[in-house]
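**Q** Supplied in structure tokens, the structure appears directly below.
Next up, the structure:
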């Protein structure tokens, strides 16, 4: 049997390994070129594509007997409604439209979610596949439901839909580490339903269930979890948090879920049995929280950002402004949880007399695998020379990859300032184009139009593996070269003319207010819970201060 696996992530890699081991031919897909080499160990062929690219999906599916769709939104892009709005449709529905239209009528297995029920069936004693689905407009259940409908519309007679519980095991961090990250990265606020039952299924059983569907050509919709009833989220999570000295979580109840037992009778009736799944149970009295299971943090991002900082400070003769004790201008400590009062980062400020000002920020929590580094290099408020922005971030939620950002932030309206655009961005255009075309560099899907509107079209925003991030050092050099030269020599006369009549200081103040607003980047809404309200305000004040 030849099988196309759309989305070789946590489940896809295990499934591909099992299928190939059983003698089947596997074509796997990924959206990240940097993952190709790893997937070649478990797939006969690897194709880089997005599920919504119909032509590429159809080409990859040539002569296949079956298609398994495992593509799902990343956890890092699912913590706020805004993030879910940006990513869920493209990942779920656009993929469904491509796969459902594949010529040749291959058998299809779709991995859906128990979230489609929301709280609509919680009045029942048991929730099965015939139970009502939620009418919530949250992108998670809404898009899973729309994807299911898309497959059924054209492939119902050759389709199996597996509505899965939360998937555990493999490279997925243990629950205790996720709770630690929820406190320190999300400030203890999560979108989950406090009364929801914490159903989980091991990734190996998910892969086995897919193979069971393929081999039996089963048709229909099947809930996929364990038959035993697990504890609810709030008592279970809060007990685990207490074991680790953490306060209770805040449950925003954005993602409603079943609070009544979920039936798996339909799946069991096909002959499938779980082998690897362990039901979550309330800890016994006296239980001790396990140590972190996270791997060592990759320092590639730190190396690239600090190298750029050292060069800027040296080339421009900047002097560091320190705090009263001679340390960083703004030391950062954790607020709450096991890191309460412990150092987790700092804001360092470097200046010179003409108003050039550089803010370097670091937030690093090794216990949770988080390492973020940023440079905001500001020019005087009354001038038109752009600001420089450089950012790298890695955490367990980024699946071993870095989120990378690089931009020259415009000081005028680029749409009516062509001379300015050519002078500022012309020298980096080729470097940006070449960088985004490299294998292993994938555009960040969660950046919405609002955030793009306050940056420049020349911003490089990408998801990259450490080895590919190292390769972007030359692109960072190109942007730093251009920015340093503009600071030292100024803008050409024609570019300066484009800024005539513009209240540059007022525009700059409004621009910074937008850049550092939760409306454009949700991370700014989490800071008070991460470092405390006072430190969060001080961070934004340092970034907003004009010279």
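Residue numbers (our numbering): 335 to 881.
The beta carbon of each residue, even a glycine, is placed where N, CA and C say it ideally should be.
State the DSSP-derived secondary structure class of residue 618, mapped to helix, strand or coil.
**A** coil
**Q** Kindly indicate which three-state DSSP category residue 336 falls into: helix, strand or coil?
**A** strand
**Q** Excluding the five sequence neighbours on either side, which residues of its own chain have a C-beta within less than 8 Å of the C-beta of residue 572, listed in chain order?
**A** 582, 583
**Q** Suppose the cutoff is 7 Å on Cβ atoms and the five residues either side in sequence are ignored; what does the same chain contact list for residue 386 look like?
**A** The answer, listed in chain order, is 424, 428, 429, 432.
**Q** Checking the sheet assignment: what are the DSSP bridge partners for residue 585?
**A** 524
**Q** Should the segment 615-631 be called in touch with the segment 642-661, which here means at least 3 C-beta pairs below 8 Å?
**A** no
**Q** For residue 419, which residues of its own chain have a beta-carbon under 6 Å away from its beta-carbon, when the five flanking residues on both sides are left out?
**A** 473
**Q** The alpha helix (DSSP H) with residue 648 in it runs from where to where?
**A** 634-650
**Q** Who does residue 497 pair with in a DSSP beta bridge?
**A** 446, 557
**Q** Applying the criterion that 16 or more other CB atoms from any shown protein chain within 10 Å of the CB defines a buried residue, is residue 298 buried or exposed?
**A** Since the first and last residues shown for the chain are 335 and 881, residue 298 lies out of range.
**Q** CB residue 373 to CB residue 380, shorter than 7 Å?
**A** yes
**Q** Starting from residue 737 and walking both ways along the beta strand (DSSP E), at which residues does that stretch end?
**A** Segment 736-743, the beta strand (DSSP E) holding residue 737.
**Q** What's the C-alpha gap between residue 620 and residue 593?
**A** 28 Å
**Q** My guess is that residue 366 and residue 797 are in contact by the Cβ rule of under 8 Å, so how many angstroms apart are they, rounded?
**A** 7 Å
**Q** Under the rule that 16 or more other beta-carbon atoms within 10 Å means buried, what is residue 589, buried or exposed?
**A** Burial call: buried.
**Q** State buried or exposed for residue 767, treating a residue as buried only when at least 16 other CB atoms are found within 10 Å of its CB.
**A** exposed
**Q** Under a Cβ-count criterion, where at least 16 other Cβ atoms within 10 Å of its own Cβ denotes burial, should residue 560 be classed as buried or exposed?
**A** buried
**Q** Short check: CB of residue 661 to CB of residue 810, under 7 Å?
**A** no
**Q** Could you tell me which of 777, 824, 497, 876 sits nearest to residue 600, measuring between CA atoms?
**A** 497
**Q** Please classify residue 458: does DSSP put it in a helix, a strand, or coil?
**A** coil
**Q** Could you tell me whether the Cβ atoms of residue 678 and residue 694 are closer together than 7 Å?
**A** no
**Q** Taking 6 Å as the limit between beta carbons, can you name the residues of its chain near residue 881, skipping five residues before and five after?
**A** If we look at residue 881 and ignore the five residues flanking it on each side, its Cβ neighbours are 689, 691, 714.
**Q** Whole angstroms are fine: how far does the CA of residue 755 sit from the CA of residue 598?
**A** 60 Å
**Q** State buried or exposed for residue 543, treating a residue as buried only when at least 16 other CB atoms are found within 10 Å of its CB.
**A** buried
**Q** Comparing alpha-carbon positions, which option in 515, 839, 361 lies nearest residue 347?
**A** 361
**Q** In angstroms with no decimal places, state the Cα-to-Cα distance between residue 705 and residue 739.
**A** 14 Å
**Q** Indicate whether residue 530 and residue 580 have their beta-carbon atoms separated by less than 7 Å.
**A** Cβ distance not < 7 Å, so residue 530 and residue 580 don't count as in contact.
**Q** Residues in the same chain with beta-carbon distance under 6 Å from residue 870, minus the five sequence neighbours each way, listed in chain order, please.
**A** These residues qualify, in order along the chain: 861, 862.
**Q** Between the Cα of residue 793 and those of 758, 827, 819, spot the shortest distance and give me the residue it belongs to.
**A** 758
**Q** Buried or exposed for residue 546, please, with buried defined as at least 16 other CB atoms from any protein chain shown within 10 angstroms of its CB.
**A** Classification for residue 546: buried.
**Q** Between the Cα of residue 493 and the Cα atoms of 364, 872, 550, 816, which residue gives the shortest distance?
**A** Here the closest residue by C-alpha is 550.
**Q** Measuring alpha carbon to alpha carbon, tell me which residue in 467, 400, 459 is nearest residue 436.
**A** 400
**Q** Use the C-beta contact count for residue 483: other C-beta atoms within 10 angstroms, 16 or more gives buried, fewer gives exposed.
**A** Flag for residue 483 reads exposed.
**Q** Look at residue 663 and residue 683 and say whether their C-beta atoms are less than 7 Å apart.
**A** yes
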